[in-house]
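Asker: For reference, the structure I am asking about is given below.
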Amino acid sequence: MTASIDTGLTQGERSGVAQQLTKVLADSYAVYLKTHGYHWNVRGPEFFSYHNLLELQYREIWAALDDIAERIRALGELVPQGGSAFANLTSIKDGDPEKDAPEMLKELMRDHETVIATARAALDEADEAGDEASVDLMTQRLAAHEKAAWMLRSSLGSR
Ligand SMILES: [Fe+2]
Numbered sequence: 001m002t003a004s005i006d007t008g009l010t011q012g013e014r015s016g017v018a019q020q021l022t023k024v025l026a027d028s029y030a031v032y033l034k035t036h037g038y039h040w041n042v043r044g045p046e047f048f049s050y051h052n053l054l055e056l057q058y059r060e061i062w063a064a065l066d067d068i069a070e071r072i073r074a075l076g077e078l079v080p081q082g083g084s085a086f087a088n089l090t091s092i093k094d095g096d097p098e099k100d101a102p103e104m105l106k107e108l109m110r111d112h113e114t115v116i117a118t119a120r121a122a123l124d125e126a127d128e129a130g131d132e133a134s135v136d137l138m139t140q141r142l143a144a145h146e147k148a149a150w151m152l153r154s155s156l157g158s159r
């Protein structure tokens, strides 16, 4: 027996929003992996503060991945699984452990800006569909990535 979905959103609205959320999930996953990798590989006189800042940031993103994926499921769509499935859905490239600390932080800052743009597109789609729960989630993700970008920017000495 198939249990139908009646949450006040059409099938088209649900799948449209879920598709945008899937892009946010893939971008977020890529930034999570890079942040955790740079937490391990960052080097230099500021090692300890960068190492700790990146830990705060990867933990925050890790928790968000579950929220985004579960929102996609609540909309009735399946979540992609596996590294290559996610890699095909994002423009964010893997990190490079050879980079120096400022290059790592700058790259992450740009990646957060990429997620911000993707989350904003998802928010617009959710808003048009009248999907307040996804609007709320994307609003939270925008704030979190803007905060992360600010902290990286300020660590680099910019405002
Ligand atoms: Fe660690």
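FYI, the UniProt record's numbering numbers position 128 of the sequence shown as 128, with every residue one higher than the one before it. C-beta: ideal position from N, C-alpha, C; glycine also.
1) Relative to the C-alpha of ALA101, which residue among GLN140, GLN19 and PHE47 is closest?
2) Which residues bound the alpha helix (DSSP H) around SER28?
3) Please return the same chain residues whose Cβ sits closer than 7 angstroms to the Cβ of LEU89, not counting the five positions on each side in sequence.
4) Residue range of the alpha helix (DSSP H) that ILE68 falls in?
5) Can you tell which of SER134, VAL31 and TYR50 has the C-alpha that lies nearest to the C-alpha of ALA87?
6) Thinking C-beta only, is LYS106 closer than 9 angstroms to LEU65?
7) Can you list every residue whose CB sits closer than 6 angstroms to some heavy atom of ligand 1, going in chain order?
8) Out of curiosity, what's the CA-to-CA distance linking ALA122 and HIS36?
9) Which same chain residues end up closer than 7 angstroms to GLU60 when comparing Cβ atoms and leaving out the 5 residues on each side of it in sequence?
10) Cα-Cα, which of ILE72, THR7, ILE92 and MET151 is closest to VAL115?
11) Considering only C-alpha positions, which residue in the set GLY76, ILE5 and TYR38 is nearest to MET104?
12) In angstroms with no decimal places, state the Cα-to-Cα distance between TRP40 and HIS51.
13) Leaving aside the five residues before and after ARG153 along the sequence, list all residues of the same chain whose C-beta is less than 6 angstroms from its C-beta, in chain order.
14) Measuring straight from C-alpha to C-alpha, what distance separates ALA3 and GLY12?
15) Using three-state DSSP, classify ARG153 as helix, strand or coil.
16) If contacts are defined as beta-carbon pairs under 8 angstroms, then HIS112 and ALA149 qualify, I think. What distance do you get, rounded to the angstrom?
Answerer: According to the structure data:
1) Stepping through the sequence shown from its first residue, residue 101 is reached at position 101. Out of GLN140, GLN19 and PHE47, PHE47 has the C-alpha closest to the C-alpha of ALA101.
2) As a first step, residue 28 is located in the sequence shown; it is residue number 28 there, counting from the start. Unbroken alpha helix (DSSP H) run through SER28: 11-41.
3) The sequence position of residue 89 within the sequence shown is 89, counting from 1. THR22, LYS23, ALA26 and PRO80.
4) Taking the first residue of the sequence shown as position 1, residue 68 is located at position 68. Unbroken alpha helix (DSSP H) run through ILE68: 47-74.
5) For the purposes of this step, residue 87 is taken as the residue at position 87 of the sequence shown. For ALA87, the nearest C-alpha among the options comes from VAL31.
6) Counting from one through the sequence shown, the residue named residue 65 turns up at place 65. Counting from one through the sequence shown, the residue named residue 106 turns up at place 106. No. Outside cutoff.
7) HIS39 and GLU55
8) Counted from its first residue, the sequence shown places residue 122 at position 122. Counted from its first residue, the sequence shown places residue 36 at position 36. Whole-angstrom Cα-Cα distance: 25 angstroms.
9) To locate residue 60, count along the sequence shown from 1; it is residue 60. So the list reads ALA144, once near-sequence residues are dropped.
10) Position 115 of the sequence shown, counted from the first residue, corresponds to residue 115. Considering only alpha carbons, the answer is ILE92.
11) For the purposes of this step, residue 104 is taken as residue 104 along the sequence shown, with counting starting at 1. Nearest C-alpha to MET104: TYR38.
12) Counting from one through the sequence shown, the residue named residue 40 turns up at place 40. Counting from one through the sequence shown, the residue named residue 51 turns up at place 51. Going from the Cα of TRP40 to the Cα of HIS51 covers about 7 angstroms.
13) Counted from its first residue, the sequence shown places residue 153 at position 153. Closer than 6 angstroms at the Cβ level, and outside the excluded window around ARG153, lie MET109.
14) For the purposes of this step, residue 3 is taken as residue 3 along the sequence shown, with counting starting at 1. For the purposes of this step, residue 12 is taken as residue 12 along the sequence shown, with counting starting at 1. Roughly 17 angstroms separates the two Cα atoms.
15) Taking the sequence shown and counting its residues from 1, one reaches residue 153 at position 153. ARG153: helix per DSSP, three-state reduction.
16) Within the sequence shown, numbered from 1, the residue matching residue 112 stands at position 112. Within the sequence shown, numbered from 1, the residue matching residue 149 stands at position 149. Contact flag correct, Cβ pair sits at about 4 angstroms.
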